[in-house]
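A short worksheet on the structure shown next.
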Amino acid sequence: EVYFKNLSKQKQKEVMEKNGNNHKLRVCVATCNRADYSKLAPIMFGIKAEPQFFDLDVVVLGSHLIDDYGNTYRMIEQDDFDIHTRLHTIVRGEDEAAMVESVGLALVKLPDVLNRLKPDIMIVHGDRFDALALATSAALMNIRILHIEGGEVSGTIDDSIRHAITKLAHYHVCCTRSAEQHLIAMCEDHDRILLAGCPSYDKLLSAKNKDYMSIIRVWLGEDVKTRDYIVALQHPVTTDIKHSIKMFELTLDALISFNKRTLVLFPNVDAGDKEMVRVMRKKGIEHHPNFRAVKHVPFDQFIQLVAHAGCMIGNSSCGVREVGAFGTPVINLGTRQTGRETGENVLHVRDADTQDKILHALQLQFGKQYPCSKIYGDGNAVPRILKFLKSIDLKEPLQKKFCFPPVKDNISQDIDHILETQSALAVDLGGTNLRVAIVSMKGEIVKKYTQLNPKTYEDRLELILKMCVEAASEAVNVNCRILGVGISTGGRVNPREGIVLHSTKLIQEWSSVDLRTPISDALHLPVWVDNDGNCAALAERKFGHGKGVENFVTLITGTGIGGGIVHQHELIHGSSFCAAELGHIVVSLDGPECLCGSQGCIEAYASGIALQREAKKLHDDDLLLVEGMSMKKEEIVSAAHLIQAAKLGNAKAESILRTAGTALGLGVVNILHTVNPSLVILSGVLANHYVNAVKDVINRQALSSVKTVDVVVSNLADPALLGAASLVLDYTTRRIY
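The opening position of the sequence shown corresponds to residue 1 in UniProt numbering, with each subsequent residue numbered one higher.
Printed below as a string of structure tokens:
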């Protein structure tokens, strides 16, 4: 609340004039249960902190007022909100009819409340049956509705309820780009959709800074350590109650066998919830020494518990949404969240029909730590929502307008009517320079920063962090939303752990280096790391010649020789992350010595270093310069001089380049005979000089069945940065179950 009170209170003059002189927007927030309050509370604090713009009325109904579910209305009072009205709307029962009767009871009671409050707008969250009653009442009484978290996809009846509320709502606040596209596809007015992120993420992303050990001890006991306990939260699936009860029994049996301290939360008020509670009591969960069964945990404390848990298990949306912000492993059981976008921390057990299957999932997930995920928000949802509320013109017609197909691409707008561009921070660690760039989803380099690569580990890591922080700050000014950090570096990399295992000789003090942890901790963003050759292949797959190609190879011809192999649309890393070290394919048993210590490698013939070595030999023997060439006395001989000499007719320089091209071609032939790609892409500064030589060698040396392979030169200006960006853009946008 203090944070929102300190927000800049820029006056909305135009909107105030539209809505009448000094008219404050009367906002009614209705909350039905502990879950929706965790999303609505940040918005309520924001509204309360700006009394010059808003009047807030709070209506409490549903399971908030039931003792069996913890009387959670008390946490609203503890947050210092005045509750205008309490409505007892839950009809107790154990079947679907009780849910229908609860909706009916709410519909009977709500009109009187809304007549007394006369709100300008009602904020409704999510997909619960209580929320459907709220939206129906408000729509029929000509009250504008702002729906939070519309457009998402999941299992059970919740999907249908969520989309029904969408059709009743006048304004929409969604959390992900996919949800936004779903709303557009559902014919909602593009100008009334705000992609803000999940409001709970505004609190989640600062949660780890608080004292958590005391909270863990209160709920789980004095002897529990972080990452050594489980949080279980499972709800009945109302479209298949019998199966969901059986799955809950199997889950409890697996947790008992797994023998770890476990916090079990009571399920939501739904058809089948009482039967689930009976299952818990039948198995003695409330008295078992390894279990703590509770009706409710305050949200501030709950997020600390899941942030430091060894694992979360169940079928709650919290597991696939909020928990990803901490990288805590999650086991999602059954079909209740089918269709949700998830981070890589979520392991889905779709058919949780045996105890062994659930137990195996626990063994796989427990105690792991994944990169934090920001699929559902970046911590700035509430300011966007408040700005959106202030822009609402009450003089506009209340009647909804629908935008029927054809649906335009990417035209829904945020509150400034400017689409924030999903982007990545790309880092390229070269032998000479360290570069950081903001790269958009379409491969546009929006902003680039370049510094000399420091010689020591400490200075290098400090500079990376400094440049990333500077770029992340600038991203706001250029209207880009950073999804994560991708790092391209020389050497052998373990991409699963984000560790540089062994460096090339060009980058000093760069072995056994954990890049993911310090950068992720400093920026609160997920971080991916891979070898520069693999990144070049990823760049081609997303932005270049490799787009849509199932099997291809990329060869980088620069200071060294590297590359990446894409097979069946996936990058190959190998059992020890040494796949695609293409520069070290041996093409001669007695060839020149390579930097790797071997002899006759492609890199020893065709790399920039190899050409520079040969150019220096010619220069020392006064055989390099020909007519039309000149060099300053202090100028360093380079591969460029050798290429220039060859172009001007220097026979020895031509011979060296011919040998280099032949060596590279033989390496490509070996690749063709090994992985049989349909495309070979030559990348880097020397690619144009080698492409014809490589094609000639293939025609002479390759088997006839592979001679038809296409060999092309990359058209990407900066494959290292684009590849680093694609690490982020591919992973953060494809997590759909």
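Glycine is no exception: its CB is placed at the ideal position from the N, C-alpha and C atoms.
I656 (DSSP reduced to helix, strand or coil): helix
Assigned exposure category for F404 - 16 Cβ within 10 Å defines buried: exposed
Close beta carbons around R541, own chain, < 6 Å, minus the five adjacent residues each side: V566
Boundaries of the beta strand (DSSP E) in which C596 is found, first to last residue: Counting along the chain, C596 falls outside any beta strand (DSSP E), and DSSP gives it neither H nor E.
S412 - DSSP class collapsed to helix/strand/coil: Confidence is the limiting factor: at S412 the pLDDT is only 43, short of 50, which leaves the residue's position unreliable and the question unanswerable from this model.
Best match in I161, L523, V553, D189 for proximity to V669 [C-alpha to C-alpha]: V553
Candidates A660, S520, E614, L624, of which the one nearest V586 by Cα: A660
Sequence-distant residues of the same chain with beta carbon closer than 8 Å to V691, five excluded per side: L682, V711, V712, V713.
Residues sharing a beta bridge with T335, DSSP: DSSP lists no partner for T335.
In chain order, each beta strand (DSSP E) run of at least 3 residues that lies wholly inside the segment 501-588: 527-531, 552-557, 561-567
Candidates A49, D253, S102, V27: closest to H84 by CA position: V27
N-terminal and C-terminal residue of the alpha helix (DSSP H) that residue 770 is part of: The structure shown has nothing for residue 770, since the chain only spans 1 to 737.
First and last residue of the uninterrupted beta strand (DSSP E) at A179: Segment 177-185 is the alpha helix (DSSP H) holding A179; no beta strand (DSSP E) there.
Nearest-angstrom Cα separation, counted from K390 out to L61: 27 Å
Best match in I499, R227, V697 for proximity to L672 [C-alpha to C-alpha]: V697
Nearest to L56 (by Cα), restricted to the options F543, A720, L386, A639: L386
Coarse secondary structure for K5, derived from DSSP in three states: At K5, the pLDDT of 43 sits below 50, so the modelled position is not reliable and the matter cannot be decided from this model.
Bounding residues of the beta strand (DSSP E) (the contiguous stretch that carries Q422): For Q422, the enclosing beta strand (DSSP E) has its first and last residue at 421-429.
Close Cβ partners of V728 (< 8 Å) along its chain, the five nearest in sequence each way excluded: A424, L425, A426, L483, G484, V485, G486, P526, W528
Contact with chain C by V706, beta-carbon distance below 8 Å: You won't find chain C in this structure, because it holds only one protein chain.
N- and C-terminal bounds of the alpha helix (DSSP H) containing L40: 34-48
Span separating the alpha-carbon of P267 from that of A35: Their Cα atoms are separated by approximately 11 Å.
Length of the line joining the Cα atoms of T342 and H308: 19 Å
CB contact flag (G327, Y201, <8 Å): Remark: C-beta atoms of G327 and Y201 do not approach each other more closely than 8 Å.
Cutoff 8 Å; reference N551; Cβ partners in own chain excluding five residues on either side: Its chain contains V566, H567, Q568, V675, N676, P677, S678, L679 as the residues whose beta carbon lies nearer than 8 Å to that of N551, once the 5 sequence neighbours on both sides are disregarded; these appear in chain order.
CB of L131 within 8 Å of CB of L110, strictly: Just to set this straight, residue 131 is Ala in the shown sequence, not Leu. No, the Cβ-Cβ distance between A131 and L110 is not below 8 Å.
G490 vs L582 beta-carbon contact at 8 Å: no
Beta-carbon proximity of I165 to A135, cut-off 8 Å: yes
Reference K167, options A179, Q181, H147, closest by Cα: H147
CB contact flag (L305, V297, <8 Å): yes
Simplified DSSP state of R281, which is helix, strand or coil: For R281, the secondary structure class from DSSP, reduced to helix, strand or coil, is helix.
Delimiting residues of the beta strand (DSSP E) encompassing N494: 492-494
CB of A606 within 8 Å of CB of C594, strictly: no
Residue of A271, L117, R278, N315 minimising C-alpha distance to V349: Closest by alpha carbon: N315.
Collapsed DSSP secondary structure at C174 in the structure displayed: Note: C174 maps to strand in three-state DSSP.
Residue environment, V478, which counts as buried when at least 16 other CB atoms sit within 10 Å: exposed
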